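Asker: Residue numbers (the numbering used here): 10 to 457.
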C-alpha cells in the first residue's frame, strides 16, 4: 500500500515503524525529525508543509491509498485531510484531540471525506476505565462490542494455578475461559493444554466479563469494585476518564496545579472534586487522602513524575495504580520494579490506525473489527468477522490445519460468546478472536 504520514512526532514515528512493510512517505517541516525517522526505519522522508499542494503532489498523493495526519494541530490535521482527498487520496485519517471537533465526526466524515478520526486522549481514557472496572487485571481489551474480554493478570507465587497444566486448570474449574498467551520474562508463549503455569507468569485470558470474574474468584484473585479514584494531572485524559468513572458511580478527585485549568474542570465536571495543587508533592497527596483511596492514576505530561508518584502510591499499598507514560522505553523498566498497569496514548492511537490499515488490506470474505498489540507488542489479538470463507466455515476446528503460533481464542456465534474446542465450527457471520505472533491480513492466513 502507498501511505503518506504527515507529522513525525511520537505517534508519527510509531506508525512509520509499524507500517514499514508498506511504501511509506513521512512528511514533516523539521529536517531533524525526518533524519530521526529515517535512522530508526528505512522510509522516504520529505521536508515541507503537509497542507502544501506541491509537497503532497511530490509525495505521490494521487496514488496514495491512505494519508494519515498526526501533527499537534487539530485544525491543520483536518485541513491536510481535506486537501489530500481533493488531490486524489483514497482514504484519510486524522488525529483530532479537541472534544468539540471530535464530536463532529459524522459531519467531517460525510461532508469533508475524512474516513477515520482518532482521539488519543479519549482512547487512553477508555483503556484506563476498563482497567479500573476490572482492577485485578493489569490490562483489559474488549471484542465483539464488549461481549468478549481479554484480560492480562500476573500469577502470584501462592496462586493455586502454579505448577498446574492448563488442561488440569480447565478440568478443575470448569469455567469457559481460555489462556491464550503467556509472557514469561522476555518470552512470549502461545500455550497448548500441556503448558504448566509458573510464578510471575503474565497470563492473557479470554472469556466473557462474568466468566473471567468467576475465574478470578475461584483462584483467589481479589477483584473488588473500586469506589474512589485519584487522578494526578487535569489534562484531556483526566477529563474524559473522570466522565466515564462518574457514570460508573465512582468518586473522582483530580489534582491539577494550573488555576485556570482547575476552573475549566470545575465547570465541566461538577460531580468531581477538583483540587488546585501540585499532585506530585508528598504533603499534598497526604492531605488529599492518598492512603484511603482505592486507585490512583498518574496523568501528568512528565513520565518521570508519573513514575515517582506511582511508586510512592504502591509503597502506601494503594490497591490499584495506573501509570501513563509517553516513552515506551520505560515499559520494561517499570515492569521490573512492579508497575504493571501502564498506558501509552501514542501506542493506543497507533493500534487503532494499524487496525484500520490491516482492515483496508483485507479480502472481501472477512473484515477486521478490532486489533490490539499485546505482550509488549510481541503478539496481536485480532477480531475478524467472517462473511464468506468456504475453507474455514462449517468445518470442526480439529480438522483445520493451522499455522504455528495461532490460537482461536473465542467465537461470537449468533451474538453468543463461545470458548471453542475441537468440535466447534466457524460459520458465516461469526466473529473470531485470534491471538498470534504472525501478522495476519485476512482470516485464511491462519491456515497452514
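Note that beta-carbon positions come from the ideal geometry of N, C-alpha and C, so glycine has one too.
As the structure is a prediction and not an experimental result, all values here were calculated from the model.
Checking 8 Å against the spacing of the C-beta atoms, do residue 27 and residue 359 come in under that value?
Answerer: Counting from 1 along the chain shown, the entry for residue 27 is found at position 18. Counting from 1 along the chain shown, the entry for residue 359 is found at position 350. Against a cut-off of 8 Å, the Cβ pair of residue 359 and residue 27 comes out as a contact.
Asker: Could you give the first and the last residue of the continuous alpha helix (DSSP H) run that contains residue 319?
Answerer: On the chain shown, residue 319 is found 310 positions in, with the first residue counted as 1. Its alpha helix (DSSP H) spans residues 312–324.
Asker: Counting only the same chain and skipping the five closest in sequence on each side, list residues whose C-beta sits under 6 Å from that of residue 283.
Answerer: Here residue 283 refers to the residue found at position 274 of the chain shown. 263, 271, 274, 275, listed in sequence order.
Asker: Measuring CB to CB, does residue 455 end up less than 8 Å from residue 443?
Answerer: If you number the chain shown from 1, residue 455 lands on position 446. If you number the chain shown from 1, residue 443 lands on position 434. Contact flag set, yes.
Asker: Pick from 31, 141, 331, 206: whose alpha carbon is nearest that of residue 309?
Answerer: Position 300 of the chain shown, counted from the start, is the residue given in the question as residue 309. Comparing Cα positions, the closest option is 331.
Asker: Answer with buried or exposed for residue 213, where buried requires no fewer than 16 other C-beta atoms within 10 angstroms of its C-beta.
Answerer: Within the chain shown, numbered from 1, the residue matching residue 213 stands at position 204. Its Cβ being crowded by 16 or more others within 10 Å, residue 213 is buried.
Asker: Am I right that residue 164 and residue 206 are in contact with their C-beta atoms under 8 Å? What's the rounded C-beta distance?
Answerer: Counting from 1 along the chain shown, the entry for residue 164 is found at position 155. Counting from 1 along the chain shown, the entry for residue 206 is found at position 197. With 8 Å as the limit, residue 164 and residue 206 qualify as a contact, their Cβ atoms being about 6 Å apart.
Asker: Near residue 92, what residues of its chain come up, given a Cβ to Cβ distance below 8 Å and the 5 sequence neighbours on each side ignored?
Answerer: The residue given as residue 92 occupies position 83 in the chain shown. Same-chain partners within the cutoff: 60, 62, 65.
Asker: On the DSSP bridge assignment, give the partners of residue 192 in chain order.
Answerer: By one-based count along the chain shown, residue 192 stands at place 183. DSSP output for residue 192 lists 197, 211 as bridge partner(s).
Asker: Can residue 355 and residue 39 be called in contact, C-beta distance under 8 Å?
Answerer: Within the chain shown, the letter at position 346 stands for residue 355. Within the chain shown, the letter at position 30 stands for residue 39. No; because the gap between Cβ atoms is not below 8 Å, this pair is not in contact.
Asker: Please return the same chain residues whose Cβ sits closer than 8 Å to the Cβ of residue 81, not counting the five positions on each side in sequence.
Answerer: As a position in the chain shown, residue 81 is number 72, starting the count at 1. Once the five neighbours on either side are set aside, the close Cβ partners of residue 81 are 16, 18.
Asker: What are the uninterrupted segments assigned as alpha helix (DSSP H) that are 4 or more residues long and contained completely in the region 333–405, given in chain order?
Answerer: Those alpha helix (DSSP H) runs which fall completely within the region 333–405 and span 4+ residues are 339–345, 354–370.
Asker: Consult DSSP for residue 440 and reduce its assignment to one of helix, strand or coil.
Answerer: Within the chain shown, numbered from 1, the residue matching residue 440 stands at position 431. Strand, per DSSP.
Asker: Taking only runs of the beta strand (DSSP E) that begin and end inside the region 255–280, which ones reach a length of at least 3 residues, in chain order?
Answerer: List check, beta strand (DSSP E) in window: 260–265.
Asker: Candidates 146, 224, 202, 25: which alpha carbon is nearest residue 183's?
Answerer: Position 174 of the chain shown holds residue 183. Among 146, 224, 202, 25, the Cα nearest to that of residue 183 is on 224.
Asker: Terminal residues of the continuous alpha helix (DSSP H) containing residue 67?
Answerer: Counting from one through the chain shown, the residue named residue 67 turns up at place 58. Taken as a continuous stretch (DSSP letters only), the alpha helix (DSSP H) holding residue 67 covers 62–68.
Asker: Is residue 314 near residue 289, with beta carbons less than 8 Å apart?
Answerer: Residue mapping note: residue 314 aligns to position 305 of the chain shown, counting from 1. Residue mapping note: residue 289 aligns to position 280 of the chain shown, counting from 1. Yes. Within cutoff.
Asker: Name the DSSP beta bridge partners of residue 53, please?
Answerer: Here residue 53 refers to the residue found at position 44 when the chain shown is read from its first residue. 34, per the DSSP bridge assignment.
Asker: For residue 76, which three-state DSSP category applies?
Answerer: Locating residue 76 in the chain shown gives position 67, where the first residue counts as 1. Note: residue 76 maps to strand in three-state DSSP.
Asker: Taking all protein chains shown into account, decide if residue 382 is buried (16 or more other Cβ within 10 angstroms of its Cβ) or exposed.
Answerer: The residue given as residue 382 occupies position 373 in the chain shown. Result: buried.
Asker: Using CA atoms only, rank isn't needed, just tell me which of 99, 70, 58, 72 is closest to residue 85.
Answerer: The sequence position of residue 85 within the chain shown is 76, counting from 1. Looking at the Cα atoms, 58 is the closest of the given residues.
Asker: Rounded to a whole number of angstroms, what is the C-alpha to C-alpha distance between residue 416 and residue 197?
Answerer: Against the chain shown, residue 416 aligns to sequence position 407. Against the chain shown, residue 197 aligns to sequence position 188. Roughly 13 Å separates the two Cα atoms.
Asker: Quick one: what's got a C-beta closer than 7 Å to residue 125's C-beta in the same chain, skipping five residues either side?
Answerer: Stepping through the chain shown from its first residue, residue 125 is reached at position 116. For residue 125, where only same-chain residues beyond five positions count, the Cβ hits under 7 Å are 102, 365.
Asker: Suppose only complete runs of 4+ residues qualify. What are the alpha helix (DSSP H) ranges in the region 126–166, listed by chain order?
Answerer: DSSP runs (the alpha helix (DSSP H)) wholly in the region 126–166: 129–142.
Asker: Whole-angstrom Cβ separation of residue 286 and residue 261, contact assumed at under 8 Å?
Answerer: Position 277 of the chain shown holds residue 286. Position 252 of the chain shown holds residue 261. With 8 Å as the limit, residue 286 and residue 261 do not qualify as a contact, their Cβ atoms being about 16 Å apart.
Asker: What does the alpha-carbon distance come out to for the pair residue 83 and residue 389?
Answerer: In the chain shown, residue 83 corresponds to position 74, counting from 1. In the chain shown, residue 389 corresponds to position 380, counting from 1. Cα-Cα distance, rounded: 30 Å.
Asker: Among the residues of its own chain, which have a CB less than 7 Å from the CB of residue 457, if the five just before and after it don't count?
Answerer: Working through the chain shown from its first residue, we reach residue 457 at position 448. 410, 411, 412, listed in sequence order.
Asker: Distance cutoff 8 Å, beta carbons only. Does residue 420 sit that close to anything in chain D?
Answerer: Absence of chain D from the displayed structure is noted, only one protein chain being present.
Asker: Please state if the CB of residue 384 and the CB of residue 253 are separated by a distance shorter than 8 Å.
Answerer: In the chain shown, residue 253 corresponds to position 244, counting from 1. In the chain shown, residue 384 corresponds to position 375, counting from 1. Contact: no.
Asker: Count the other C-beta atoms from every protein chain shown that fall within 10 angstroms of the C-beta of residue 439, then say buried if there are 16 or more, exposed otherwise.
Answerer: By one-based count along the chain shown, residue 439 stands at place 430. Residue 439 comes out buried.
Asker: Under 6 Å Cβ to Cβ from residue 172, same chain only, skipping five residues before and after it: list those, please.
Answerer: In the chain shown, counting from the first residue as 1, residue 172 sits at position 163. None.
Asker: Please report how far the alpha carbon of residue 452 lies from the alpha carbon of residue 399, in whole angstroms.
Answerer: What you label residue 452 is simply residue 443 of the chain shown in a count that begins at 1. What you label residue 399 is simply residue 390 of the chain shown in a count that begins at 1. Rounded to whole angstroms, residue 452 to residue 399 spans 11 Å at the Cα level.
Asker: DSSP state of residue 91, grouped into three classes?
Answerer: As a position in the chain shown, residue 91 is number 82, starting the count at 1. Helix.
Asker: Among residues of its own chain, excluding the 5 on either side of residue 312, which ones have a beta-carbon nearer than 7 Å to its beta-carbon?
Answerer: Here the question's residue 312 lines up with position 303 in the chain shown. So the list reads 334, 335, 336, 339, once near-sequence residues are dropped.
Asker: Report back the beta-carbon spacing between residue 56 and residue 43 to the nearest angstrom; my notes put them in contact at under 8 Å.
Answerer: To locate residue 56, count along the chain shown from 1; it is residue 47. To locate residue 43, count along the chain shown from 1; it is residue 34. Contact holds; Cβ gap of about 6 Å.
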